[in-house]
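Residue numbers (the working numbering), protein chains in the order written: chain G, 3 to 187; chain Z, 3 to 187. Yeah, the Cβ is synthetic: ideal placement off N, Cα and C, and Gly gets one too. Predicted model, so just to flag it, every value in this text is computed and none were measured. Below is one structure, written out as structure tokens; comments come after it.
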DNA sequence: TGACACGCCTAACGATATTAGGTATCTTCC
DNA sequence: GGAAGATACCTAATATCGTTAGGCGTGTCA
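The structure is reproduced here in structure tokens:
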């Protein structure tokens with residue numbers, strides 16, 4: 003029987019595709035193995051189990067998201083940078099719902115935070131510097147902005163907004179609200 | 003063998019306690035049955051399965067949350083009402099992490115939204131009326147407020163905020179930011 | 001007191017994650 | 001080019017979970 007030629011990278015990539023297409027809940031070692039033309043136990047040669055797989059997915063997603071946000075913030079400042087980062091954040095979550103969902107898992111106790119997560123915080127901090135924020139004040143504001151973006155994106159992904167009202171307009175309202183709130187801080 | 007004297011209500015209540023104490027992920031029919039001194043299949047006399055159980059948990063949580071928010075908003079207006087509702091929202095999520103997590107599940111397609119969810123929206127809308135918002139503008143603002151609160155609470159619950167910085171202060175910053183943002187809308 | 005409803009049980013099945021151990025393939029070195 | 005070792009993949013087996021089918025005993029009501 004020929005080998006499939008897998009690797010931790012290939013397995014994680016396939017898992018990300020499957021999670022994005024079918025939802026993170028549909029990502030099982032059984033479904034992933036089937037997709038890769040392999041038996042479930044064979045995956046243990048590349049990942050340590052389903053928990054490890056989800057952690058890899060999260061790390062992968064965080065790195066991609068950080069890159070997207072940095073690209074969006076580059077060359078922009080103030081409200082323009084905020085809007086660009088917000089749009090990029092939402093776009094990533096929409097394009098990669100599985101990866102974004104994996105990002106939500108709680109880091110295991112003792113597990114150090116992903117380096118990509120710090121990049122994301124740093125990017126938002128840089129945007130907030132354009133609003134004249136620094137120090138703890140900026141850190142609190144970063145949490146606020148992150149909360150707002152995360153909350154919107156999560157609610158949107160799970161259909162939490164019931165009414166038939168434009169989601170794009172709602173998101174624009176949110177970004178404008180953040181902008182006004184940050185100006186006065 | 004004596005009967006346990008269960009009911010859909012008792013099963014749901016026990017499930018809520020278990021989910022709040024151990025996390026929604028630890029809520030299985032097996033663990034719930036063990037807690038109730040019963041065998042897993044016996045639960046099917048009261049709930050239709052694990053999915054139905056989670057839906058009941060979500061409905062129960064939504065009703066409780068709606069009541070808490072209404073109580074917080076009662077007799078208050080404007081910024082004071084916003085702050086009170088925000089604090090109540092966060093307090094509920096902290097006190098009932100399992101119920102709040104259950105609330106996040108996507109409603110099944112075709113399943114009508116929970117009536118309690120509409121109460122929550124109505125409460126926030128009433129608060130926003132104090133900011134002079136009405137119509138679609140108010141609905142968009144409601145989504146923004148809900149996103150921010152939900153995002154903060156979710157990130158807090160899963161330890162998503164890495165830095166050793168006061169969460170209370172961060173939440174206060176978020177509420178102040180929302181207040182300023184709503185004033186200018 | 002009898003009949004009936006039903007709450008709870010055991011038995012069984014399918015899906016999942018995971019471990020143990022075997023086999024065949026690829027690589028590498030002489 | 002061929003042997004030796006690493007390892008990618010396999011089958012077999014186990015534990016846990018959700019779920020269905022069917023039986024038994026407890027409660028209630030005529």
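- prompt: Can you list, in chain order, the residues of its chain whose CB lies under 7 angstroms from that of residue 180 of chain Z, leaving out five sequence neighbours each side?
  reply: 84, 147, 150
query: Between residue 9 of chain G and the rest of its own chain, which residues show a CB-CB distance below 7 angstroms, the 5 nearest in sequence each way excluded?
result: 48
field: CB contact below 8 angstroms: residue 186 of chain Z versus chain G
entry: yes
task: For residue 168 of chain Z, count neighbouring C-beta atoms within 10 Å of its own C-beta (all shown protein chains included) and say buried if the count is 16 or more, exposed if not.
output: exposed
query: Do you know whose CA, among Z/32, Z/12, Z/16, Z/7, lies nearest residue 98 of chain Z's CA?
result: Z/16
- prompt: Nearest chain G C-beta to residue 152 of chain Z closer than 8 angstroms, yes or no?
  reply: yes
task: Could you tell me whether the region 73-80 of chain Z touches the region 120-134 of chain Z, where touching means 3 or more Cβ pairs closer than 8 angstroms?
output: yes
At least three beta-carbon pairs within less than 8 angstroms, the region 152-167 of chain Z to the region 85-96 of chain Z: yes
task: Figure out for me which residue from G/12, G/28, G/187 has the closest Cα to the Cα of residue 137 of chain G.
output: G/187
- request: Quick one: grab the DSSP three-state call for residue 48 of chain G.
  value: coil
- request: Kindly give me the distance between the Cβ atoms of residue 45 of chain G and residue 60 of chain G, rounded to whole angstroms, as I take these residues to be in contact under 8 angstroms.
  value: Residue 45 of chain G to residue 60 of chain G, Cβ: 17 angstroms. No contact.
task: Name, please, each residue of chain G whose Cβ falls closer than 9 angstroms to the Cβ of residue 182 of chain Z.
output: 179, 182, 183, 184, 185, 186, 187
- prompt: From residue 177 of chain Z to residue 183 of chain Z, what does the alpha carbon distance come to, in whole angstroms?
  reply: 10 angstroms
Straight-line Cα distance separating residue 32 of chain G from residue 135 of chain Z: 51 angstroms
- prompt: Using the rule of at least 16 other Cβ atoms within 10 Å of the residue's Cβ for burial, across every protein chain shown, is residue 7 of chain Z buried or exposed?
  reply: exposed
task: Pull out every residue of the region 159-180 of chain Z whose Cβ sits closer than 7 angstroms to any Cβ of chain G, in chain order.
output: 160, 161, 163, 164, 165, 167, 171, 172, 175, 176, 179, 180
Proximal residues of chain Z, C-beta to C-beta of residue 157 of chain G below 8 angstroms: 145, 148, 149, 152
query: Exposed or buried, which one is residue 22 of chain Z when buried takes at least 16 other CB atoms within 10 Å?
result: buried
field: CA-to-CA distance, residue 140 of chain Z to residue 117 of chain Z, given in whole angstroms
entry: 20 angstroms
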